[in-house]
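The block underneath contains the structure these notes are about, expressed in structure tokens.
Number of protein chains: 2
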Amino acid sequence: MTNNKLSVVLIGAGNVATQTALALQAKEVSILQVFSRTEQSARLLAEQCNCSFTTDTNTISREADIYLYSVKDDALPLLIRQINITNGIHIHTAGSVPMNVFEGFRQNFGVFYPMQTFSKSKQVKFDNIPIFVEANSAQNLEVLTRLGKELSNAVTPCDSKQRQALHLAAVFCCNFTNHLYKVTDDLLKQSNLPFEVMLPLIHETVDKLHYLTPDEAQTGPAVRYDTSVIDKHLDALKNMPNEKELYILFTKRIHDAAKK
Amino acid sequence: MTNNKLSVVLIGAGNVATQTALALQAKEVSILQVFSRTEQSARLLAEQCNCSFTTDTNTISREADIYLYSVKDDALPLLIRQINITNGIHIHTAGSVPMNVFEGFRQNFGVFYPMQTFSKSKQVKFDNIPIFVEANSAQNLEVLTRLGKELSNAVTPCDSKQRQALHLAAVFCCNFTNHLYKVTDDLLKQSNLPFEVMLPLIHETVDKLHYLTPDEAQTGPAVRYDTSVIDKHLDALKNMPNEKELYILFTKRIHDAAKK
Chain A
1 MTNNKLSVVL IGAGNVATQT ALALQAKEVS ILQVFSRTEQ SARLLAEQCN CSFTTDTNTI
61 SREADIYLYS VKDDALPLLI RQINITNGIH IHTAGSVPMN VFEGFRQNFG VFYPMQTFSK
121 SKQVKFDNIP IFVEANSAQN LEVLTRLGKE LSNAVTPCDS KQRQALHLAA VFCCNFTNHL
181 YKVTDDLLKQ SNLPFEVMLP LIHETVDKLH YLTPDEAQTG PAVRYDTSVI DKHLDALKNM
241 PNEKELYILF TKRIHDAAKK
Chain B
261 MTNNKLSVVL IGAGNVATQT ALALQAKEVS ILQVFSRTEQ SARLLAEQCN CSFTTDTNTI
321 SREADIYLYS VKDDALPLLI RQINITNGIH IHTAGSVPMN VFEGFRQNFG VFYPMQTFSK
381 SKQVKFDNIP IFVEANSAQN LEVLTRLGKE LSNAVTPCDS KQRQALHLAA VFCCNFTNHL
441 YKVTDDLLKQ SNLPFEVMLP LIHETVDKLH YLTPDEAQTG PAVRYDTSVI DKHLDALKNM
501 PNEKELYILF TKRIHDAAKK
């Protein structure tokens with residue numbers, strides 16, 4: 001930990017690794033090296049971070065304070081076995097992988113979970129992103145908290161079980177809502193309407209959540225059970241079985257919730 | 261249209277009527293009277309607008325420039341027959357009701373559709389809300405455009421067919437996403453986590469739509485088809501059949517869309 005500046009090797013060069021690296025690099029953190037099995041991804045991210053890269057687990061730098069693993073969950077256990085480095089703190093960024101994936105293979109390890117949706121091409125402001133940290137010792141937790149605070153004002157310790165619950169909930173309110181935006185886009189395209197026309201409504205739907213619970217905020221024909229509107233919508237969807245199935249399911253669920 | 265200030269009678273006192281009336285009242289528009297069959301709702305909104313109210317269709321003021329109908333779609337045809345006023349422009353705010361519901365009953369009529377989610381207790385800033393207007397004459401369209409511009413910078417003419425497409429799309433990206441927020445809230449409660457922890461993620465999910473199409477913005481285990489994560493999530497939902505059904509359906513749909 002020379003110069004008191006944390007140094008990091010990135011294991012993986014996907015969306016999470018890219019956005020985290022770009023944000024860390026802008027702070028008091030040195031990115032030493034990028035490892036990825038895919039040379040093109042490794043090279044691209046290394047160029048952005050102005051550091052070296054490798055595609056060979058045997059040539060990963062042994063000088064880092066922190067080894068940050070951002071790879072597909074399935075790939076993590078084998079990679080941990082192949083990367084035979086015992087110094088430094090080894091951490092992963094996966095919502096649903098318990099910390100003990102490192103147990104028996106490393107001395108110092110933990111988890112660094114930034115709860116956010118990362119796309120390579122959309123840079124993310126980390127300031128308010130909740131980062132959940134977990135470590136196998138109080139001392140390591142302190143280092144991870146320090147790393148987190150370089151990026152965000154919202155760094156919170158969290159055990160593996162709670163993190164998994166967060167990840168599952170995040171899939172519903174991020175990945176699944178985004179799919180509904182895709183369906184919205186498809187419907188609008190059919191009528192030659194631009195998706196942008198929906199953005200004020202979409203923003204207000206979210207802004208309301210600062211004032212009302214989702215239960216209180218629910219509006220629309222399903223909650224009123226306005227069959228005149230519902231029947232018109234089902235008719236409009238009569239040749240779109242996928243969208244119709246979603247419409248029927250959500251209308252029933254919203255109505256059932258409103259009756260309670 | 262004395263003093264060049266538009267005067268409005270509100271027919272209905274629900275969420276849309278309330279939020280529209282409060283916004284109009286703050287502008288160069290006079291609210292003359294509130295009509296609602298429910299005395300309590302009529303009185304409450306009339307107090308907020310500092311005007312009179314009635315529950316009797318026979319005592320509705322005949323002096324208004326505009327009669328704004330914000331009632332359940334089912335109730336509209338009968339109400340139009342019962343309110344026997346022929347002067348003024350008669351307009352409704354319903355996304356899925358064609359303008360011709362007024363045909364044969366009024367001389368001047370149209371539609372004024374603010375595409376937004378309205379709750380009584382959350383005041384809405386109208387500035388950027390798209391308002392779609394339609395009228396049975398160019399002159400009436402001009403008056404409705406003027407009324408709309410009192411509230412919003414985004415007033416657009418739109419025929420009944422396009423408005424119905426907008427309304428259907430809005431149900432997906434507003435009402436149905438809000439239900440996913442409710443499911444998220446339920447899941448978090450089970451792990452004693454506050455819903456607020458998800459707000460940064462939810463905001464970023466929406467902010468991305470300014471830079472990426474929903475297709476490009478899609479992330480998560482379903483798009484990667486990360487079966488290790490998906491199996492853990494399905495296991496976590498094993499005693500929650502409703503949430504599990506949504507999870508399976510969305511995972512399949514997202515994966516199918518990603519393969520295209």
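Protein chains in written order, with this note's numbering: chain A, 1 to 260; chain B, 261 to 520.
Backbone N, C-alpha and C define an ideal beta-carbon position, used for all residues, glycine too.
No experiment lies behind these values; they were computed from the predicted model shown.
Spatial neighbours of residue i in its chain, beta-carbon cut-off 6 Å, leaving aside the 5 residues before and after
i, result
"residue 114/A", "129, 131"
"residue 462/B", "none"
"residue 20/A", "none"
"residue 427/B", "355, 356"
Spatial distance of residue i from residue j (CA atoms)
i, j, result
"residue 559/B", "residue 356/B", "In the structure displayed, chain B extends from 261 to 520; residue 559/B sits before or after that span and is not available."
"residue 483/B", "residue 518/B", "6 Å"
"residue 405/B", "residue 181/A", "29 Å"
"residue 42/A", "residue 207/A", "38 Å"
"residue 283/B", "residue 309/B", "10 Å"
"residue 460/B", "residue 116/A", "8 Å"
"residue 311/B", "residue 294/B", "7 Å"
"residue 503/B", "residue 446/B", "10 Å"
"residue 380/B", "residue 212/A", "11 Å"
"residue 25/A", "residue 489/B", "29 Å"
"residue 75/A", "residue 478/B", "21 Å"
"residue 271/B", "residue 192/A", "33 Å"
"residue 140/A", "residue 435/B", "44 Å"
"residue 112/A", "residue 500/B", "29 Å"
"residue 231/A", "residue 322/B", "35 Å"
"residue 122/A", "residue 360/B", "45 Å"
"residue 370/B", "residue 304/B", "27 Å"
"residue 147/A", "residue 53/A", "22 Å"
"residue 515/B", "residue 157/A", "32 Å"
"residue 505/B", "residue 260/A", "20 Å"
"residue 433/B", "residue 169/A", "18 Å"
Reference residue i; option with closest CA among the options
i, options, result
"residue 289/B", "410/B, 415/B, 517/B", "410/B"
"residue 252/A", "241/A, 227/A, 240/A, 239/A", "227/A"
"residue 127/A", "230/A, 154/A, 218/A", "154/A"
"residue 5/A", "84/A, 125/A, 27/A", "27/A"
"residue 47/A", "13/A, 73/A, 58/A, 62/A", "13/A"
"residue 469/B", "221/A, 216/A, 230/A, 184/A", "184/A"
"residue 297/B", "285/B, 343/B, 457/B", "343/B"
"residue 464/B", "225/A, 178/A, 220/A", "178/A"
"residue 220/A", "453/B, 479/B, 510/B, 431/B", "431/B"
"residue 455/B", "104/A, 77/A, 215/A", "215/A"
"residue 333/B", "354/B, 424/B, 400/B", "354/B"
"residue 425/B", "168/A, 249/A, 190/A, 167/A", "190/A"
"residue 225/A", "45/A, 202/A, 250/A", "250/A"
"residue 285/A", "157/A, 81/A, 124/A, 66/A", "Residue 285/A lies beyond the range of chain A shown here (1 to 260); nothing can be said about it."
"residue 68/A", "188/A, 133/A, 168/A", "133/A"
"residue 385/B", "514/B, 505/B, 278/B", "278/B"
"residue 77/A", "66/A, 104/A, 59/A, 60/A", "104/A"
"residue 326/B", "403/B, 398/B, 429/B, 428/B", "403/B"
For residue i, the residue or residues it bridges with in DSSP
i, result
"residue 268/B", "291/B, 326/B"
"residue 54/A", "35/A"
"residue 349/B", "326/B"
Same chain, Cβ closer than 7 Å to residue i, five either side skipped, listed in chain order
i, result
"residue 507/B", "493, 494, 497"
"residue 162/A", "none"
"residue 64/A", "7, 8, 9, 32, 88"
"residue 366/B", "346, 350"
"residue 358/B", "420"
"residue 102/A", "80, 90, 109"
"residue 319/B", "none"
Cutoff 8 Å; reference residue i; Cβ partners in own chain excluding five residues on either side
i, result
"residue 16/A", "70, 93, 114, 118"
"residue 315/B", "295, 296, 297, 298, 299, 302"
"residue 188/A", "194, 195, 197, 198"
"residue 412/B", "374, 386, 387, 388, 389, 390, 391"
"residue 398/B", "none"
Residue i beta carbon near the ligand MN (any heavy atom closer than 6 Å)
i, result
"residue 510/B", "Among the ligands in the structure shown, none appear at all, so the ligand MN cannot be discussed."
key: Length-filtered (3 minimum) beta strand (DSSP E) runs lying within the stretch 96-169 of chain A   = Counting only runs of 3 or more, we get 109-114, 131-135, 155-157.
Which full runs of the alpha helix (DSSP H) of 4+ residues lie inside the stretch 430-492 of chain B, going along the chain? Counting only runs of 4 or more, we get 437-450, 459-467, 474-477, 481-484.
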